[in-house]
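Asks: Protein chains in written order, with our numbering: chain A, 522 to 858; chain B, 4 to 383.
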Amino acid sequence: MTTAPALDAAPSVRTTTMAQALNAALRDAMKADPTVHVMGEDVGQLGGVFRITDGLTAEFGPDRCLDTPLAEAGILGTAVGMAMYGLRPVVEMQFDAFAYPALEQLFSHVAKMRNRTAGKLPLPITIRIPYGGGIGGVEHHSDASEAYYTHTPGLHVVTPATVADAYGLLRASIASDDPVVFLEPKRLYWGKDTWDSAAGVEPIGRAALRRTGRSAVLISYGPSLPVCLEAAEAAKAEGWDLAVLDLRSLVPFDEETVCEVVRSVGRAVVVHEASGFGGAGAEIAARITEKCFHHLAAPVLRVTGFDIPYPPPMLEHHHLPGVDRILDAVARLQWED
Amino acid sequence: MTVLDHRHLAAVPGWLPGATGHRSDPAPLLPDASPLRVLGTSALEKTDPELLRELYRRLVVGRRYNQQATTLTKQGRLAVYPASTGQEACQVAAAMALREQDWLFPSYRDTLAVVARGVDPLEALTLLRGSAHTGYDPRASRTAPLCTPLATQAPHAVGLAHAARLAGDPVVALTMLGDGGTSEGDFHEALNFAAVLNAPVVFLVQNNGYAISVPLTQQSAAPSLAHKAVGYGIPGRLVDGNDAPAVHAVLTEAVERARNGGGPTLVEALTYRVEAHTNADDATRYRDEDEVAAWREHDPIQLMERHLRPLGLIDDELVQQAADEAEALAARMRAEFHADAELDPMSLFAHVYAEPTPQLREQAAQLAAELAAEAEVHDR
């Protein structure tokens, strides 16, 4: 006869989905620090529409994991006041485009309170936003909204692409004394992997080289990272040896690692699913050109979604960058040789 | 046939959250038809004479502060000043209804309320001078920064009050806004959150008749702005905003009800901005002189004098003392703002993040180099 292990005795090395790793990060953060409060629409009884907050109200009570009225500006504005009184609110914005009513609170207050008060009122708020497409969502459920946040000084902008990073980066974000926009690639929620919750929490702001290569580097983050890895695998058939760099954090931007890799391979493609014009890829490409110009064998290319409102789900696969579009870009890098 | 409404649903287990609770306070929701007054009524006899004298003294000093600050804008010493001339009773009496541990969430016109919290009068002008965003330490004075975007500070007050209540601290948050601010979404979201969370927060709307140039009739069709409370399930109160003891009485009641678990209150104070919106505004374009003159007759300082002089509560000695204090403050303002502030350009990068990003370090180095080059040219 065997007995089920107690929940607390869960081994630190586990195989879970990204959604479960995020749930574990919230639970562990709430256990470790009584000032961590989770709040948002549907986060309590329901456990969130993606179940990221599953069981938190049962374990920590409805004050620590609070079902709020449905009003995003109200949710984030209330979190500001809570943070002013010493709490660490973790706010859930149910879907990317649902965060837009809260943008004034985010831009005018959350991002600026430290600056406005000369450091007297830092706001340690984590704003979790499930983002991006590829799940067949109808309009307002699939926006890749990172550029709005990266353009706003005072915010950190973080996005995991692996199950391990989902846990580690969320713990680091909650521990940060600055506000963090934590973008969760919703199409990766259900991907499983093995990770170690005891591996330690890395400070946000460091890119991770997911694959080494000598022909070119694909620079990406969040939902597009697995697509880049797939493309790198497929590229072997063409004789291209591609590196893949996962930014993990858009702000701070790990320019040092990016430039190191680009200088060593001389060719770079930036990949993201958000619209290209004014997107994060434009910034990254410009920085690489400014810092690594003499090491480049070809212009930095971008592979992005089109400059259109997010398309209806039956057409979204034409919009989202796939392996073929990435390989086409890599092919365009080769003319100098 | 059984008719279900939300009260029936409330009987369903789990329908209403137990942790945050709902209103148990029996205070009526609808405001009285006419604004509450104390001056000229029997309620005056029950008011603490020392409170009345203190209110008067602060009104006089506040009026002089408004005048001097407006003058400083004309001299280019302040970037902008939204005067609260005519509204001093709201400013002073509201802040005096708070206890030391309470928090104030002011809007951009509420400098006098900030001063009444104990913030140094010159530090309170830091934002309007243009040298930094807040001159005072919000935590030390329990006063949030003057808020420019309309009504966005109201949800902050709710969140702080909610957090304080969770901690078991007897702290109340007061947020002040204008009539225009009641049209903003954040105002309504804040009222709703406050009601649902039963947060110890008080909303004070200073209805001064105009949102810059737009009159109240084009701002709201409600019977009064205080009526807006009813839809959220909280009490609304209407008060003569130029009657300082009345404002103090209404706010003290609301603040103490909040402190005792009675939840939020929305107070509308009827007042008037006798000066323009700011020094950059031309109020003659949208309102006539008769209207302004009528309100000048209903001036908060004159009202105090008219009612308290005959009772001997205001005498020549107090009048002189208040006038001396006001002149001393005006002189200090002139002296302090006579010269340009010396500002450190490198402070631009000091408080963006706890730790500057690599990009900010690079930009800070760029500015440092520019400053060094400038200094070299200057030295030559």
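We treat Cβ as the ideally placed atom computed from N, Cα and C, and that holds for glycine.
1. Leaving out five residues before and five after residue 193(B) in sequence, what residues of the same chain have Cβ atoms less than 6 Å from its Cβ?
2. Taking beta-carbon pairs under 7 Å, can you tell me which members of the segment 189-201 of chain B lie near chain A?
3. Looking at the secondary structure, which residues open and close the beta strand (DSSP E) in which residue 703(A) lies?
4. Alpha carbon to alpha carbon, what distance is there between residue 102(B) and residue 327(B)?
5. Leaving out five residues on either side along the sequence, give the residues of the same chain with a beta carbon under 8 Å from the beta carbon of residue 524(A).
6. Does the structure place the segment 39-46 of chain B close enough to the segment 89-100 of chain B that three or more beta carbon pairs sit under 8 Å?
7. Helix or strand or just coil, what does DSSP make of residue 323(B)?
8. From residue 24(B) to residue 197(B), what distance separates their C-alpha atoms?
9. Indicate the three-state DSSP secondary structure (helix, strand or coil) for residue 754(A) in the structure shown.
10. Just to make sure I have the definition right: I need the residues of chain B whose C-beta is within less than 7 Å of the C-beta of residue 606(A). Which are they?
11. Have a look at residue 816(A) and residue 784(A) and give me their C-alpha separation to the nearest angstrom.
12. Measure the CB-CB distance between residue 174(B) and residue 146(B) and report whether it falls below 8 Å.
13. I'd like the span of the alpha helix (DSSP H) that includes residue 609(A), first residue to last.
14. Below 7 Å on C-beta distance, what does residue 629(A) contact in chain B?
15. Can you name the start and end residues of the beta strand (DSSP E) that residue 106(B) belongs to?
16. Express the C-alpha separation of residue 167(B) and residue 726(A) in angstroms, rounding to a whole number.
17. Does the Cβ-Cβ distance between residue 246(B) and residue 120(B) come in under 8 Å?
18. Report the rounded CA-to-CA distance for residue 750(A) versus residue 714(A), giving the unit in angstroms.
19. Buried or exposed, going by whether 16 or more other CB atoms sit within 10 Å of the CB of residue 573(A)?
20. How far does the alpha helix (DSSP H) with residue 195(B) in it reach, from first residue to last?
21. Between the alpha carbons of residue 861(A) and residue 825(A), how many angstroms are there, rounded?
22. Quick one: give me the first and last residue of the alpha helix (DSSP H) that residue 783(A) is part of.
23. Taking 8 Å as the cut-off, decide whether the C-beta atoms of residue 609(A) and residue 690(A) are in contact.
24. If contact is defined by three or more beta carbon pairs under 8 Å, each pair taking one atom from either stretch, is the segment 672-681 of chain A in contact with the segment 629-636 of chain A?
25. Below 7 Å between beta carbons is the criterion; list the residues of the segment 669-701 of chain A that meet it against any residue of chain B, in chain order.
26. Would the beta-carbon of residue 562(A) fall within 8 Å of that of residue 591(A)?
27. Along the segment 751-785 of chain A, what residues have a CB closer than 9 Å to any CB found in chain B?
28. Count the C-beta pairs between the segment 269-279 of chain B and the segment 222-231 of chain B that are closer than 8 Å, then say yes if the count reaches three, no if not.
29. Taking the DSSP output, what are the residues bridged to residue 561(A)?
30. Tell me, which residues are paired with residue 732(A) by DSSP?
31. Measure the Cβ-Cβ separation of residue 263(B) and residue 83(B) and say whether it is below 8 Å.
32. In the DSSP assignment, find the unbroken alpha helix (DSSP H) run with residue 221(B) in it and report its ends.
33. Note down, in chain order, all residues in the segment 363-374 of chain B with a beta-carbon under 7 Å from any beta-carbon belonging to chain A.
34. Mind checking whether residue 59(B) and residue 115(B) have CB atoms under 8 Å apart?
35. When burial is assigned at 16 or more other CB atoms within 10 Å of the CB, is residue 835(A) buried or exposed?
36. Going by C-alpha to C-alpha distance, which of 622(A), 644(A), 707(A) and 845(A) sits closest to residue 557(A)?
Replies: According to the structure shown:
1. Locating residue 193(B) in the second sequence gives position 190, counting from the first residue. The residues are 157, 158 and 161.
2. 189, 192, 193, 195, 196 and 199
3. Locating residue 703(A) in the first sequence gives position 182, counting from the first residue. Unbroken beta strand (DSSP E) run through residue 703(A): 701-706.
4. Working through the second sequence from its first residue, we reach residue 327(B) at position 324. Working through the second sequence from its first residue, we reach residue 102(B) at position 99. Taking the straight line from one Cα to the other gives about 27 Å.
5. For the purposes of this step, residue 524(A) is taken as residue 3 along the first sequence, with counting starting at 1. Low confidence applies here, because residue 524(A) scores a pLDDT of 46, under 50, leaving its location unreliable and the question unanswered by this model.
6. no
7. Within the second sequence, residue 323(B) is the residue found at index 320, counting from 1. Helix at residue 323(B).
8. For this step, residue 24(B) is matched to residue 21 along the second sequence. For this step, residue 197(B) is matched to residue 194 along the second sequence. Note on residue 24(B): pLDDT 46, under 50, position unreliable in the model; no value is reported.
9. Numbered from its first residue, the first sequence carries residue 754(A) at position 233. Residue 754(A): helix per DSSP, three-state reduction.
10. Residue mapping note: residue 606(A) aligns to position 85 of the first sequence, counting from 1. Scanning chain B for C-beta atoms nearer than 7 Å to the C-beta of residue 606(A) yields 163, 166 and 167, reported in chain order.
11. Numbered from 1 along the first sequence, position 295 holds the residue referred to as residue 816(A). Numbered from 1 along the first sequence, position 263 holds the residue referred to as residue 784(A). The C-alpha of residue 816(A) lies about 5 Å from the C-alpha of residue 784(A).
12. As a first step, residue 174(B) is located in the second sequence; it is residue number 171 there, counting from the start. As a first step, residue 146(B) is located in the second sequence; it is residue number 143 there, counting from the start. Taking 8 Å as the Cβ cut-off, residue 174(B) and residue 146(B) do not qualify as a contacting pair.
13. Stepping through the first sequence from its first residue, residue 609(A) is reached at position 88. Careful: residue 609(A) lies outside any alpha helix (DSSP H), inside the beta strand (DSSP E) at 609-613.
14. Counted from its first residue, the first sequence places residue 629(A) at position 108. Going along chain B in sequence order, the residues near residue 629(A) (Cβ under 7 Å) are 152 and 155.
15. Here residue 106(B) corresponds to residue number 103 of the second sequence, with the count starting at 1. Counting along the chain, the beta strand (DSSP E) containing residue 106(B) begins and ends at 106-108.
16. Position 205 of the first sequence, counted from the start, is the residue given in the question as residue 726(A). Position 164 of the second sequence, counted from the start, is the residue given in the question as residue 167(B). Rounded to whole angstroms, the gap between the alpha carbons of residue 726(A) and residue 167(B) is 33 Å.
17. Counted from its first residue, the second sequence places residue 246(B) at position 243. Counted from its first residue, the second sequence places residue 120(B) at position 117. No, Cβ-Cβ distance for residue 246(B) and residue 120(B) is not below 8 Å.
18. Counted from its first residue, the first sequence places residue 750(A) at position 229. Counted from its first residue, the first sequence places residue 714(A) at position 193. Cα to Cα, residue 750(A) sits roughly 15 Å from residue 714(A).
19. Your numbering for residue 573(A) matches position 52 in the first sequence. Flag for residue 573(A) reads buried.
20. As a first step, residue 195(B) is located in the second sequence; it is residue number 192 there, counting from the start. Looking at the DSSP string, the run of the alpha helix (DSSP H) that includes residue 195(B) is 188-200.
21. There is no way to answer for residue 861(A), as the model of chain A reaches only from 522 to 858.
22. Looking up residue 783(A) in the first sequence gives position 262. Element bounds for residue 783(A): 776-786.
23. Taking the first sequence and counting its residues from 1, one reaches residue 609(A) at position 88. Taking the first sequence and counting its residues from 1, one reaches residue 690(A) at position 169. No, they are not a contact pair.
24. Three or more beta-carbon pairs separated by less than 8 Å link the segment 629-636 of chain A to the segment 672-681 of chain A, which places the two stretches in contact.
25. 674, 675, 698 and 699
26. Position 41 of the first sequence, counted from the start, is the residue given in the question as residue 562(A). Position 70 of the first sequence, counted from the start, is the residue given in the question as residue 591(A). In contact: residue 562(A) and residue 591(A) (Cβ atoms closer than 8 Å).
27. 772, 773, 774, 775, 776 and 777
28. yes
29. What you label residue 561(A) is simply residue 40 of the first sequence in a count that begins at 1. The partner list for residue 561(A) (beta bridge, DSSP) reads 588(A) and 613(A).
30. On the first sequence, residue 732(A) is found 211 positions in, with the first residue counted as 1. Paired residue(s): 765(A).
31. What you label residue 263(B) is simply residue 260 of the second sequence in a count that begins at 1. What you label residue 83(B) is simply residue 80 of the second sequence in a count that begins at 1. Between residue 263(B) and residue 83(B), the C-beta gap is not smaller than 8 Å, which leaves the two residues out of contact.
32. Position 218 of the second sequence holds residue 221(B). From DSSP, residue 221(B) is part of no alpha helix (DSSP H); its letter is neither H nor E.
33. none
34. By 1-based counting over the second sequence, the position of residue 59(B) is 56. By 1-based counting over the second sequence, the position of residue 115(B) is 112. No, these two residues do not count as a Cβ contact at 8 Å.
35. Locating residue 835(A) in the first sequence gives position 314, where the first residue counts as 1. Residue 835(A) should be labelled exposed.
36. Translated into positions along the first sequence, residue 557(A) becomes position 36. Ranking 622(A), 644(A), 707(A) and 845(A) by Cα distance to residue 557(A) puts 644(A) first.
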